[in-house]
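A.B. asks: Structure in structure tokens, see below.
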Amino acid sequence: MSDPVAGVKRLPSWPDSRLVLTPAARWLLDHDGKVMPMTALFDGFCRHLLEEGIPLFRVTTGLPSMHPLTATRAFVWQRDQGVKMAERGHDVFQTDEYLKSPIAVIHEGAAAIRRQLEQPDAPMDFGILPELKALGVTDYLVLPMRFTQGPGMGKKGQNVSFMSFATDRPGGFRPEELSYLMELMPLIALRMELEAGRRMTHDLLTTYLGQSPAERVLKGDLRRGQGYEVEAAIWLSDLRGFTAFSDRNETVEVVATLDRYFDAMAGPIHAHGGEVLKFIGDGLLAIFRVEDGSTLEAACRRALTAGEDAFAGLHELNQGRAIAGVAPLKVGLGLHVGKVVFGNIGARDRLDFTVIGRAVNEVARLEAQTKAVDRPLLASAAFADAINRASDAAYRLESVGFHVLRGVREPQELFTLPAARLAGYE
């Protein structure tokens with residue numbers, strides 16, 4: 009029988025066949041597939057270098073983000089202090105802090121930057137250098153950290169970040185220490201990109217799906233048609249007169265107005281434990297689940313409190329619009345309760361994580377009725393019953409009589425907030 013590996017070059021027989029790696033390098037590789045928070049990863053890496061004799065005083069790095077409010081996350085490790093993290097907005101790349109920093113030079117393609125600060129003729133050409141020298145830093149090294157993918161930060165969109173190393177040892181870094189740090193960069197970049205990628209995925213899913221759906225998708229809840237039933241208070245709001253507003257104004261103004269309006273609506277929903285499921289043009293669909301150990305009354309109370317806070321925020325927004333001579337924004341809000349199916353629905357190659365069911369259809373009819381009744385908020389009898397039986401007289405909803413809803417044969421009794429509790433919105 010022929011040898012199946014004949015002609016294949018074999019490795020020599022070594023007494024120890026393991027790869028020869030330093031403790032820091034092996035620690036970066038031996039993570040057993042476990043997710044590690046970035047702060048723990050960065051702290052562990054720096055402490056392993058310290059144990060190997062690299063005289064680190066401070067190490068910093070920055071990782072790109074894929075978040076609507078955050079461009080980068082900066083991590084600073086300092087001996088005896090551990091790691092601190094700070095988020096930077098998308099305008100950071102236009103600030104003097106960035107433009108006059110060594111990071112900008114690294115992003116432009118520099119292979120390395122070193123400043124031996126204890127030398128009398130050391131250039132002090134970056135804003136961070138006087139601060140470091142005042143802390144006793146003697147040597148400062150900045151290296152590029154190259155990623156394989158992600159949002160580009162470097163010149164021509166290259167996926168380049170950085171890592172800086174500072175020491176306070178007299179004489180600074182030795183040549184062999186500088187070489188070692190440079191050799192470690194591809195490995196630490198690979199590990200940090202892995203952890204950063206997980207965070208980016210979480211950020212993206214949370215931004216576009218919401219917290220709960222994002223967590224379910226990350227756990228593998230991906231199959232089309234897969235769903236489960238939940239009981240919840242259901243919120244549907246809609247901006248009145250939006251079509252006419254869009255026709256009269258430039259696109260930039262329309263988008264900016266929508267963002268401010270949605271901030272006023274979504275902020276209170278999240279603050280009171282609700283989930284924004286989708287934005288539908290100028291509409292917003294959200295649910296307040298009946299959590300384990302909680303009650304339907306509690307979910308309705310959270311939804312109603314969020315509604316009051318949203319009206320108060322909209323009233324404040326409208327005061328600013330009045331000063332600018334701009335017409336106020338008006339909204340209709342429908343509140344209902346019921347069981348809905350929450351899950352993956354859609355086409356083969358385009359799914360939506362949303363809720364469907366009779367209760368969702370009914371809350372849409374409630375919201376539409378706010379225009380006919382001329383009330384900014386309408387609640388179903390089931391929602392009002394849950395609120396009124398669990399609340400004192402001052403908190404109860406009041407009836408606005410029986411009204412016919414589209415598609416419903418029998419007139420339905422509808423409820424609203426007392427005018428005094430609408431924060432001047434009406």
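Everything in the sequence shown is counted per the working numbering, starting at 9 for the first residue and increasing by one. Ideal Cβ placement from N, Cα and C applies to all residues, glycine included. Nothing here was measured: the structure is a model prediction, and the numbers come from that model.
(1) With a threshold of 7 Å on Cβ separation, who are the neighbours of K286 within its own chain once the five nearest residues in sequence on each side are excluded?
(2) Using DSSP's beta-bridge definition, name the partner residues of N369.
(3) Checking the sheet assignment: what are the DSSP bridge partners for T68?
(4) So for E239, helix, strand or coil by DSSP?
(5) Cβ of E375 within 8 Å of Cβ of G342?
(6) In its own chain, which residues sit with a C-beta less than 7 Å from the C-beta of E203, not counting the 5 before and 5 after it?
(7) Are at least three pairs of beta-carbons, each pair with one atom in the segment 185–196 and one in the segment 90–110, less than 8 Å apart?
(8) With distances taken Cα to Cα, identify the nearest neighbour of H278 among S220, G301, A130 and R329.
(9) According to the neighbour-count rule (16 or more other Cβ atoms, all chains shown, within 10 Å of its Cβ), is H98 buried or exposed?
(10) Grab me the residues of H56's own chain with a C-beta within less than 8 Å of its C-beta, minus the 5 sequence neighbours each way, in chain order.
(11) In this structure, does DSSP put Y148 in helix, strand or coil?
(12) Apart from the five residues just before and just after V408, which ones in its own chain have a Cβ nearer than 8 Å to its Cβ?
(13) Is it buried or exposed for S302, if we count other Cβ within 10 angstroms and need 16 for buried?
(14) Between which two residues does the beta strand (DSSP E) containing M44 stretch?
(15) On the DSSP bridge assignment, give the partners of H411 in chain order.
(16) Answer yes or no: do A120 and V150 have a C-beta to C-beta separation smaller than 8 Å?
(17) Select from E191, L244 and A94 the residue whose C-alpha is nearest the C-alpha of I364.
(18) Between which two residues does the alpha helix (DSSP H) containing I395 stretch?
C.D. replies: Quick answer:
(1) Once the five neighbours on either side are set aside, the close Cβ partners of K286 are L293 and T362.
(2) According to DSSP, which records beta bridges pairwise, N369 is partnered with nothing at all.
(3) V84 and S172
(4) E239 falls in the strand class under three-state DSSP.
(5) yes
(6) M44, M46 and L49
(7) no
(8) With distances taken between Cα atoms, H278 lies closest to S220.
(9) exposed
(10) P31, A32 and W35
(11) strand
(12) V381, R383, L386, L422, F423 and T424
(13) exposed
(14) No beta strand (DSSP E) holds M44; DSSP gives it neither H nor E.
(15) Paired residue(s): Q420.
(16) Result yes, Cβ atoms of A120 and V150 sit closer than 8 Å.
(17) L244
(18) A389 to N396
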